[in-house]
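Read through the structure below, which is laid out as structure tokens, and then see the notes.
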């Protein structure tokens, strides 16, 4: 089974802190994604990566950056955390160039910024 | 913009009743469509997916969905709800790119 692992289930950070959310997948997938989930808004794409060191902005990239130095790891960085970034963050991965294959999700990280 | 619309943020049914969760998409080309389920404090799990092989798609846990091009719909159904079906359900689509676009979700409540 594909496994996508997010390093933390729950995080509490202070306003202004630099925050790192880590995600690792074990299926050698080229594509990796970071989504943010908020009630009533569904999942919104922050960033995605289709290869090592390659990234593209999603729908809501402001206040975030990403890093993909190795194929299996995709990190989401909050440069200076703010209270409006309190949310559930979901990482996902999928094989490349096959739109009929699903994405596989991690368990999520619930981040609270105080 | 291409999008996915889920009608009803909350749906409540009695145990044993039919479950119907609605999803409509906008697209100029046939899309790849997915239904995911999310149990409390969990990630998303795939229920089923449409890939153009058949219009009626069967998934896990007794769920199925029918692709209707004329109605641009991909509604999720289950003949008889179980208490364990209580969760949030997301419809999603992927087009020529590899990004998944999600609807806003529908929370299913099952009454005893």
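Protein chains in written order, with this note's numbering: chain A, 330 to 443; chain B, 5 to 116. The beta-carbon is built from N, C-alpha and C at its ideal position, and this holds for glycine as well.
**OP:** Please compile the residues from chain B whose C-beta is within a distance smaller than 7 Å of the C-beta of residue 350 of chain A.
**Re:** Chain B residues near residue 350 of chain A: none, gap ~14 Å exceeds 7 Å.
Original post:
Counting pairs of beta carbons, one from the stretch 348-356 of chain A and one from the stretch 72-85 of chain B, are three or more of them closer than 8 Å?
Top reply: no
Subject >> Cβ shell of residue 24 of chain B (< 8 Å), same chain only, five flanking positions each side left out >> reply: Around residue 24 of chain B: 15, 79, 80, 81.
Subject >> Which of helix, strand or coil DSSP assigns to residue 107 of chain B >> reply: coil
**OP:** Under 6 Å Cβ to Cβ from residue 409 of chain A, same chain only, skipping five residues before and after it: list those, please.
**Re:** Here the set comprises 345.
**OP:** Answer yes or no: do residue 41 of chain B and residue 27 of chain B have a C-beta to C-beta separation smaller than 8 Å?
**Re:** Cβ atoms of residue 41 of chain B and residue 27 of chain B: not closer than 8 Å.
Subject >> residue 336 of chain A versus A:349, A:379, A:342, residue with shortest Cα-Cα distance >> reply: Of A:349, A:379, A:342, the residue nearest in Cα terms is A:349.
Subject >> Cβ contact check for the stretch 59-67 of chain B and the stretch 429-441 of chain A: 3 or more pairs under 8 Å >> reply: no
**OP:** Give the secondary structure of residue 88 of chain B by DSSP, where H, G and I count as helix, E and B as strand, and everything else as coil.
**Re:** Residue state for residue 88 of chain B is assigned as helix, using DSSP reduced to three classes.
Original post:
Exposed or buried, what is residue 333 of chain A when buried is set at 16 or more other beta-carbons lying within 10 Å of its beta-carbon?
Top reply: With 16 or more other Cβ atoms from the protein chains shown falling within 10 Å of its own Cβ, residue 333 of chain A counts as buried.
Original post:
Is the shortest distance between the beta-carbon of residue 102 of chain B and the beta-carbons of chain A less than 8 Å?
Top reply: yes
Original post:
What separation, rounded to the nearest whole angstrom, lies between the Cα atoms of residue 412 of chain A and residue 57 of chain B?
Top reply: 45 Å
Original post:
Taking C-beta to C-beta, are residue 103 of chain B and residue 374 of chain A nearer than 8 Å?
Top reply: yes
**OP:** Answer with yes or no whether the minimum CB distance from residue 391 of chain A to chain B is below 8 Å.
**Re:** no
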